[in-house]
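Those protein sequence lines, which keep their order, are chains A and B. Residue numbering for the first sequence follows the numbering used here, starting at 7 and increasing by one per position. Residue numbering for the second sequence follows the numbering used here, starting at 7 and increasing by one per position. The block underneath contains the structure these notes are about, expressed in structure tokens.
There are 2 protein chains.
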Amino acid sequence: MIKKISPLAPDNFPKLPSVKGVLIGTAKSGTKYKGRRDIFTAIFEKGTAVAGAFTQSDVKAEPVEFCRKNIIDGSARVLAVNAGFANAFTGKKGKKINKSISSNIKKIIKCREKDIFICSTGVIGENIPIRPTNKAISVSLKTEENKWENAAKSIMTTDTFPKAAGKKIIIDDKEISLVGIAKGSGMISPNMATMLAFIFTDALIDKTVLQTLLNIELRNSFNAITVDGDTSTNDTVLAFATGKAMDGKNEKIISRTSDPRLKKFREAFSEIMHDLAIQIIRDGEGASKLIQIKVSGAENTSSAKKIARSIADSPLVKTAVGASDPNWGRIIMAIGKAKEKINPKKINLRIGSNTVIKNGEISRSYSEIKTKKYMSGKDILLDINLGLGSGFSQIWTCDLTEGYIKINADYRS
Amino acid sequence: MIKKISPLAPDNFPKLPSVKGVLIGTAKSGTKYKGRRDIFTAIFEKGTAVAGAFTQSDVKAEPVEFCRKNIIDGSARVLAVNAGFANAFTGKKGKKINKSISSNIKKIIKCREKDIFICSTGVIGENIPIRPTNKAISVSLKTEENKWENAAKSIMTTDTFPKAAGKKIIIDDKEISLVGIAKGSGMISPNMATMLAFIFTDALIDKTVLQTLLNIELRNSFNAITVDGDTSTNDTVLAFATGKAMDGKNEKIISRTSDPRLKKFREAFSEIMHDLAIQIIRDGEGASKLIQIKVSGAENTSSAKKIARSIADSPLVKTAVGASDPNWGRIIMAIGKAKEKINPKKINLRIGSNTVIKNGEISRSYSEIKTKKYMSGKDILLDINLGLGSGFSQIWTCDLTEGYIKINADYRS
Numbered sequence: 007m008i009k010k011i012s013p014l015a016p017d018n019f020p021k022l023p024s025v026k027g028v029l030i031g032t033a034k035s036g037t038k039y040k041g042r043r044d045i046f047t048a049i050f051e052k053g054t055a056v057a058g059a060f061t062q063s064d065v066k067a068e069p070v071e072f073c074r075k076n077i078i079d080g081s082a083r084v085l086a087v088n089a090g091f092a093n094a095f096t097g098k099k100g101k102k103i104n105k106s107i108s109s110n111i112k113k114i115i116k117c118r119e120k121d122i123f124i125c126s127t128g129v130i131g132e133n134i135p136i137r138p139t140n141k142a143i144s145v146s147l148k149t150e151e152n153k154w155e156n157a158a159k160s161i162m163t164t165d166t167f168p169k170a171a172g173k174k175i176i177i178d179d180k181e182i183s184l185v186g187i188a189k190g191s192g193m194i195s196p197n198m199a200t201m202l203a204f205i206f207t208d209a210l211i212d213k214t215v216l217q218t219l220l221n222i223e224l225r226n227s228f229n230a231i232t233v234d235g236d237t238s239t240n241d242t243v244l245a246f247a248t249g250k251a252m253d254g255k256n257e258k259i260i261s262r263t264s265d266p267r268l269k270k271f272r273e274a275f276s277e278i279m280h281d282l283a284i285q286i287i288r289d290g291e292g293a294s295k296l297i298q299i300k301v302s303g304a305e306n307t308s309s310a311k312k313i314a315r316s317i318a319d320s321p322l323v324k325t326a327v328g329a330s331d332p333n334w335g336r337i338i339m340a341i342g343k344a345k346e347k348i349n350p351k352k353i354n355l356r357i358g359s360n361t362v363i364k365n366g367e368i369s370r371s372y373s374e375i376k377t378k379k380y381m382s383g384k385d386i387l388l389d390i391n392l393g394l395g396s397g398f399s400q401i402w403t404c405d406l407t408e409g410y411i412k413i414n415a416d417y418r419s
Numbered sequence: 007m008i009k010k011i012s013p014l015a016p017d018n019f020p021k022l023p024s025v026k027g028v029l030i031g032t033a034k035s036g037t038k039y040k041g042r043r044d045i046f047t048a049i050f051e052k053g054t055a056v057a058g059a060f061t062q063s064d065v066k067a068e069p070v071e072f073c074r075k076n077i078i079d080g081s082a083r084v085l086a087v088n089a090g091f092a093n094a095f096t097g098k099k100g101k102k103i104n105k106s107i108s109s110n111i112k113k114i115i116k117c118r119e120k121d122i123f124i125c126s127t128g129v130i131g132e133n134i135p136i137r138p139t140n141k142a143i144s145v146s147l148k149t150e151e152n153k154w155e156n157a158a159k160s161i162m163t164t165d166t167f168p169k170a171a172g173k174k175i176i177i178d179d180k181e182i183s184l185v186g187i188a189k190g191s192g193m194i195s196p197n198m199a200t201m202l203a204f205i206f207t208d209a210l211i212d213k214t215v216l217q218t219l220l221n222i223e224l225r226n227s228f229n230a231i232t233v234d235g236d237t238s239t240n241d242t243v244l245a246f247a248t249g250k251a252m253d254g255k256n257e258k259i260i261s262r263t264s265d266p267r268l269k270k271f272r273e274a275f276s277e278i279m280h281d282l283a284i285q286i287i288r289d290g291e292g293a294s295k296l297i298q299i300k301v302s303g304a305e306n307t308s309s310a311k312k313i314a315r316s317i318a319d320s321p322l323v324k325t326a327v328g329a330s331d332p333n334w335g336r337i338i339m340a341i342g343k344a345k346e347k348i349n350p351k352k353i354n355l356r357i358g359s360n361t362v363i364k365n366g367e368i369s370r371s372y373s374e375i376k377t378k379k380y381m382s383g384k385d386i387l388l389d390i391n392l393g394l395g396s397g398f399s400q401i402w403t404c405d406l407t408e409g410y411i412k413i414n415a416d417y418r419s
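See the structure below:
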């Protein structure tokens with residue numbers, strides 16, 4: 007299968023700063039993907055804090071279990087990622103593979119097992135070929151290329167473009183860098199299981215504060231996107247803070263969420279998480295349009311979220327958007343099937359700036375031609391106001407096209 | 007768009023008995039569909055009991071509201087169905103249209119408004135052209151063709167074949183007929199909104215018993231199917247019992263669920279409901295395979311149902327089946343994302359008679375080649391045993407193919 011780059015891909019790979027205290031490398035294991043980088047590693051200086059979030063699936067991949075155990079301590083020295091094999095539903099063998107990878111790492115970088123984080127992405131049920139993988143991890147740990155683009159490319163599976171975002175901010179007169187890379191072609195495809203994101207910063211920030219921040223920002227980023235409603239066994243987000251840009255003698259660690267210095271960091275952190283999440287949707291399998299769904303006026307936040315999700319996961323809404331068809335009846339259907347409190351007479355719907363439904367009736371100013379023209383673009387906003395309360399939520403998704411079926415029916419064959 | 011008949015369609019329209027006390031007719035309104043029947047009516051003799059079930063959506067079409075009100079009384083004289091316009095999300099105008107239709111009917115058949123049942127199927131938000139529709143309903147009420155095939159055809163929208171099932175049984179030495187017709191190309195497509203089913207019998211049966219039976223049998227028929235998880239605004243199932251095959255002087259009405267005569271009737275009723283439901287899946291938009299999903303060994307029934315539904319609604323599972331790909335990792339993913347109690351180590355999976363997973367591990371006897379061969383057929387069984395309890399549920403769905411996208415992206419354009 008030849009991969010066509012998503013029509014929603016950004017024009018260029020972004021320019022990214024280097025992050026003090028992080029040494030990244032890549033290598034080729036020659037296992038699933040021949041002739042391309044498929045191993046990514048990062049070495050962190052001592053004192054690096056780590057925070058993480060993981061798949062909610064009840065079938066968790068072995069590397070997820072491994073990271074969930076190690077994240078409790080909150081300190082990191084090494085991250086190792088392989089692409090091609092998810093190491094999910096692999097039982098005892100899967101656990102052994104993680105043991106072998108961490109033993110191999112400990113031979114090169116002196117650290118405790120709980121300072122190691124392993125992530126895998128790829129086919130469920132197949133075992134990672136351990137010898138070539140360990141060999142490539144060793145090579146990667148010894149390289150000092152520090153090229154983010156190689157890193158972002160090495161973790162790709164069905165992705166059609168590498169995903170990264172970065173930012174520089176000033177805290178305590180020191181320049182702080184934040185860089186994130188991600189992979190994923192939707193929440194989807196456990197087969198190419200699935201979404202990984204890593205954020206690196208040299209800010210000096212306590213692990214608990216970092217974890218709090220990660221949990222909050224997830225809501226508007228990786229937990230606010232869907233391609234097809236399928237949940238991976240391997241979803242992982244990890245944030246690493248080395249502190250190396252701020253560890254002069256006068257610097258104090260950001261150890262409370264009330265620390266005023268956190269505001270700027272949080273903004274940058276939030277932007278990067280959101281940016282990476284949207285890039286995943288822009289690379290959604292078969293995607294030709296990015297759809298933003300805003301639901302306001304719901305009874306409460308949870309209700310808004312469920313309705314937004316119901317619209318975002320409706321194959322009928324997604325195929326209609328893909329066909330640039332202002333088929334608003336399908337949006338109403340998706341609101342109705344969410345089983346949340348609504349009053350049909352109070353529903354308002356705008357598609358972009360086109361008012362379609364006003365207080366439960368077709369707006370007099372509604373023009374199907376104008377709305378269709380708007381929908382022929384690549385960025386589509388569906389803006390629903392339920393007219394009940396102050397509940398608000400938004401979610402991003404992509405359209406459903408024949409490309410999705412082609413990719414998912416062809417893969418493996 | 008040229009409609010190709012579903013590859014899963016039955017070879018012939020079934021031979022059906024006539025039902026005493028029911029007079030059916032059809033007509034052409036010439037509105038949405040030119041040159042074909044799009045109006046179906048049935049006139050029932052006095053004393054006919056009716057039971058019904060309706061969409062769970064919070065956006066209910068006007069005809070659904072109309073029937074929900076009238077069903078309380080439990081007696082029926084007239085059923086009138088139009089195809090092409092859903093009369094959903096049409097506000098006051100939609101209510102007026104129903105008033106106008108029932109007034110028109112009352113001019114021809116002397117009855118109370120609450121003895122009338124109106125069903126609509128078609129595009130949401132568009133108004134039914136009332137004059138030609140009323141005119142055609144009048145024509146239909148006066149025809150005496152009594153051809154079930156015409157009836158089944160007249161209620162079709164995106165359907166590619168007419169759906170019907172019938173049976174004869176003996177109760178109290180009298181020949182009892184049951185006939186059902188249905189339309190629907192999935193639970194789906196509110197645009198062509200969506201699923202209607204009507205069951206007619208001349209058994210003498212109390213409305214409460216009929217309603218109880220309908221509620222029970224829904225579980226294994228219309229509530230056990232899904233094409234894409236989208237819920238229509240118009241879903242309606244109505245069962246009419248005229249009693250005319252059993253109304254001799256010695257016949258007693260079946261007025262208790264404990265009546266031993268009910269057993270045979272229930273079996274036939276159940277068979278027809280199930281048969282019609284499966285026909286809807288066989289006509290699922292773009293369907294090339296019928297998928298039966300059995301989940302046993304769950305903690306309880308509710309849990310089994312949620313897991314079965316999670317698998318049935320997973321686009322990734324459905325595309326894999328469509329490609330005859332034994333991509334079992336996706337089934338495991340769909341089990342995991344259901345958020346029900348499971349133990350990965352106890353999961354068993356068979357695809358047809360091929361054991362794939364045994365106690366959480368790939369079976370030694372598993373042959374991908376054999377399983378792929380089985381999956382190239384048209385009827386696919388996914389049989390999951392969770393090894394936890396006695397919870398059991400099954401659901402029927404179809405695969406997800408490019409045909410689904412084509413149908414739903416092309417319609418209206």
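The C-beta atom is built at its ideal place from N, Cα and C for all residues, glycine as well. Only a predicted model underlies this, so the values are computations on that prediction, with no experimental measurement involved.
Backbone CA spacing between residue i and residue j [nearest angstrom]
{"i": "Arg-418(B)", "j": "Lys-412(B)", "result": "Only weak support is given to the placement of Arg-418(B): the predicted model assigns it a pLDDT of 48, under 50, and the question is left unresolved by the model."}
{"i": "Val-239(A)", "j": "Ile-134(B)", "result": "In the sequence as displayed, the identity of residue 239(A) is Thr instead of Val. Those two C-alpha atoms are separated by around 48 angstroms."}
{"i": "Lys-180(A)", "j": "Asn-414(B)", "result": "55 angstroms"}
{"i": "Gly-128(A)", "j": "Thr-37(A)", "result": "12 angstroms"}
{"i": "Asn-333(B)", "j": "Val-327(B)", "result": "8 angstroms"}
{"i": "Ala-188(B)", "j": "Val-84(B)", "result": "17 angstroms"}
{"i": "Lys-300(B)", "j": "Ala-314(B)", "result": "7 angstroms"}
{"i": "Ile-401(A)", "j": "Ser-108(A)", "result": "37 angstroms"}
{"i": "Gly-335(B)", "j": "Asn-88(B)", "result": "44 angstroms"}
{"i": "Lys-21(A)", "j": "Phe-167(A)", "result": "15 angstroms"}
Neighbour-count burial assignment, residue i, 16 or more Cβ in a 10 Å radius
{"i": "Asn-391(A)", "result": "buried"}
{"i": "Glu-346(A)", "result": "buried"}
{"i": "Thr-403(A)", "result": "buried"}
{"i": "Met-7(B)", "result": "With a pLDDT of 44 at Met-7(B), under the threshold of 50, the modelled position of that residue is not reliable, and the figure given next carries that caveat. Label assigned to Met-7(B): exposed."}
{"i": "Arg-356(B)", "result": "buried"}
{"i": "Arg-262(A)", "result": "exposed"}
Nearest-angstrom beta carbon gap, residue j and residue i [assumed within contact, 8 angstroms]
{"i": "Arg-43(A)", "j": "Thr-32(A)", "result": "4 angstroms"}
{"i": "Thr-248(A)", "j": "Glu-51(A)", "result": "6 angstroms"}
{"i": "Ile-297(B)", "j": "Phe-95(A)", "result": "At roughly 21 angstroms, the Cβ-Cβ gap does not stay under 8 angstroms, so Ile-297(B) and Phe-95(A) are not in contact."}
{"i": "Ala-329(B)", "j": "Leu-220(B)", "result": "About 38 angstroms separates the two Cβ atoms, so there is no contact after all."}
{"i": "Ser-399(B)", "j": "Ala-310(B)", "result": "4 angstroms"}
CB contact check: residue i to chain A, cutoff 8 angstroms
{"i": "Asn-88(B)", "result": "no"}
{"i": "Thr-407(B)", "result": "yes"}
{"i": "Lys-345(B)", "result": "yes"}
{"i": "Leu-322(B)", "result": "yes"}
{"i": "Pro-350(B)", "result": "yes"}
{"i": "Asn-306(B)", "result": "no"}
{"i": "Asp-64(B)", "result": "yes"}
{"i": "Ile-194(B)", "result": "Reliability of the predicted coordinates at Ile-194(B) is poor, the pLDDT of 45 falling under 50, and no value is obtained from them."}
{"i": "Asn-197(B)", "result": "Confidence at Asn-197(B) is low in this model, with a pLDDT of 39, below 50, so the placement of that residue is unreliable and no value is reported for it."}
{"i": "Trp-154(B)", "result": "no"}
{"i": "Ile-411(B)", "result": "yes"}
8 angstroms Cβ cutoff, residue i in contact with chain B
{"i": "Ala-283(A)", "result": "no"}
{"i": "Ile-129(A)", "result": "Note that residue 129(A) is Val in the sequence shown here, rather than Ile. Output row for Val-129(A): interface = yes."}
{"i": "Trp-402(A)", "result": "no"}
{"i": "Glu-181(A)", "result": "no"}
{"i": "Asn-414(A)", "result": "yes"}
{"i": "Phe-95(A)", "result": "yes"}
Which listed residue (the options) has its alpha carbon closest to that of residue i
{"i": "Arg-118(B)", "options": "Ile-77(B), Leu-406(B), Met-201(B) and Asn-349(B)", "result": "Ile-77(B)"}
{"i": "Glu-223(B)", "options": "Arg-262(B), Ile-386(B) and Leu-244(B)", "result": "Leu-244(B)"}
{"i": "Pro-16(B)", "options": "Ser-276(B), Met-201(B), Thr-325(B) and Ile-284(B)", "result": "Ile-284(B)"}
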